[in-house]
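Step one of this worksheet: look at the structure below.
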DNA sequence: AAAAACCTTACATCAGGTGTAAGTTCAAAT
DNA sequence: ATTTGAACTTACACCTGATGTAAGGTTTTT
């Protein structure tokens, strides 16, 4: 069953939406603490986020941006402001649908199921800056083409992406590549890192693996010209 | 520049749409022969189809279905009938957006660019019955997972898919796999075909490669139970 | 029953990914 | 500036998995 996270500050509308969705075969989680909405949402690990724009602390726009930044969860915006500017804004931020209240139940359900369908099978894809990586095959999609990364390079890139911009220790990478049990020469990791860097450079990827002395490695975006 | 194919029987609206799209950086082709619209459309090899519902011979719905069947071009439906049933219908047929006239220019443009963005990079994916195949890496997407096919198996599957259900001669397959110049043992092809069949079976794919005695091979859907 | 078309299995070969070893470069800290 | 440990590079040998070859089996048609 697909999980939907409903973000709406008006309690009446919120429960109405929740029960409507539940009646239609979704599992629903609601947000009622509006302090740090994006991380609250991500705690639910939803398959889709239904998001209002007018919220207490942070606007739906900001939330949408942050969600899209930290994850690749689909976002459907449902708002009472029927403003073209809002719509343009939302879609530019990466929202997947924009609907206005009052909503037609069927229309909302259909849009939701459409967005979910659109994302189907993409759950194995993780997003990096300017590219996609298939976690199962380590097929890398960039710039309209695709390449298969060698398994080890793929695993390293995967673990780096899962920590978006954060440093990842050698140990963590090593665990991911060879499993925590085996001991592997530090150097083996080194060599594979070099190989990954070379591959990424040869693909003109807009990011690099950067060493953080004494700590580990991280992905950084390379902004050229 | 992206090509958009405009399908609209009202000449005034048609030219208005065309020039509007052209002014916004698209190359536009229009349909003015409504005899066999789907194939007329596909002749243009568009990146997106903008489709009316009320048309002389064939309804936009039928056209949409046929387009989605024969290709994987995105379809945006733009119609004057603002009917929820129509919308549900269209989206179920695989339409990517549903908009009603009168349209707001900006909204239409935004939706179009969104749909195009959504399809970006998928130009290397060809659709088979129940699965997708990446033509570059021969990564096969089925049932929420993905597998990499060996190059030869991938090439064979590709050439078979490009002829959707039609027979393909051994020669054609051989040309695709090894190039027309080299002569290769008939048996090499045979072995690779067997390997492909085995792979497909082990993946529980809903189709098989079937031999057509004296002619070649074709993909057939296996309908079990 | 014989021939033709199609299929299967096993094996040797080859390419590409991988770990190892040995050595070089880099950058922070004295 | 020198030192020192961390980070990097290159070359090589090994191993896995994809491929072509060979030899023989099965199915279909006449």
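Residue numbers (our numbering), protein chains in the order written: chain A, 1 to 225; chain B, 1001 to 1225. All C-beta atoms in this analysis are idealised placements derived from N, C-alpha and C, irrespective of residue type, glycine included.
Check, Outcome
"Chain B contacts from the segment 136 to 153 of chain A (Cβ-Cβ distance under 7 Å)", "136, 137, 139, 141, 144, 145, 146, 147, 148"
"Spatial distance of residue 1001/B from residue 1124/B (CA atoms)", "18 Å"
"Residue range of the unbroken alpha helix (DSSP H) whose run includes residue 1198/B", "1186 to 1202"
"Cβ-Cβ distance between residue 1055/B and residue 1037/B below 9 Å", "yes"
"Beta-carbon proximity of residue 144/A to residue 1025/B, cut-off 9 Å", "no"
"Rounded straight-line distance, which links the Cα of residue 117/A to that of residue 1210/B", "31 Å"
"Neighbour flag for residue 1163/B against chain A, beta carbons, 9 Å", "no"
"Other residues of its chain near residue 1105/B: CB distance less than 7 Å, five sequence neighbours each side excluded", "1020"
"Under 8 Å from the C-beta of residue 1083/B: neighbouring residues of chain A", "Under the 8 Å cutoff, chain A gives no residues; its nearest Cβ is about 11 Å from residue 1083/B."
"Members of the segment 81 to 112 of chain A that neighbour chain B once the beta carbon cut-off is set at 7 Å", "84, 87, 88, 91, 104, 106, 107, 110"
"Beta-carbon proximity check, residue 111/A vs residue 97/A, cutoff 9 Å", "yes"
"Cβ of residue 118/A within 9 Å of any chain B Cβ", "yes"
"Any chain A beta carbon closer than 9 Å to residue 1225/B", "With a pLDDT of 49 at residue 1225/B, under the threshold of 50, the predicted position of this residue should be treated as unreliable, and no value is reported."
"Beta-carbon contacts of residue 1128/B that lie in its chain and below 6 Å, excluding the five residues immediately before and after", "1161"
"Cross-chain neighbours of residue 121/A in chain B, by beta carbon under 9 Å", "1132, 1141, 1142, 1143, 1144, 1145, 1146"
"Cutoff 8 Å; reference residue 192/A; Cβ partners in own chain excluding five residues on either side", "152, 153, 156, 177"
"Complete runs of the beta strand (DSSP E) confined to the segment 57 to 89 of chain A [at least 3 residues]", "75 to 79"
"Residue span of the alpha helix (DSSP H) that contains residue 49/A, given as start and end", "Taken as a continuous stretch (DSSP letters only), residue 49/A belongs to no alpha helix (DSSP H), being part of the beta strand (DSSP E) at 48 to 51."
"Spatial distance of residue 1053/B from residue 169/A (CA atoms)", "57 Å"
"DSSP three-state assignment for residue 1176/B, whether helix, strand or coil", "helix"
"Beta carbon proximity, residue 1114/B to chain A, threshold 9 Å", "yes"
"Contact under 9 Å by Cβ, residue 78/A with residue 50/A", "yes"
"Residue burial classification, residue 1149/B (beta-carbon count within 10 angstroms, cutoff 16)", "buried"
"DSSP three-state assignment for residue 1100/B, whether helix, strand or coil", "strand"
"Extent of the continuous alpha helix (DSSP H) to which residue 1019/B belongs", "1011 to 1023"
"DSSP-derived helix/strand/coil call for residue 1149/B", "coil"
"Counted within 10 angstroms of its Cβ, other Cβ atoms place residue 47/A as buried (16 or more) or exposed", "buried"
"9 Å Cβ cutoff met for residue 1014/B and residue 1022/B", "no"
"Inter-residue Cα distance where the pair is residue 1010/B and residue 107/A", "28 Å"
"Chain-order list of residues whose beta-carbon lies under 8 Å from that of residue 91/A (same chain, five-residue window excluded)", "98"
"Collapsed DSSP secondary structure at residue 155/A in the structure displayed", "helix"
"Neighbour list for residue 124/A in chain B, Cβ cutoff strictly below 8 Å", "1144, 1145, 1146"
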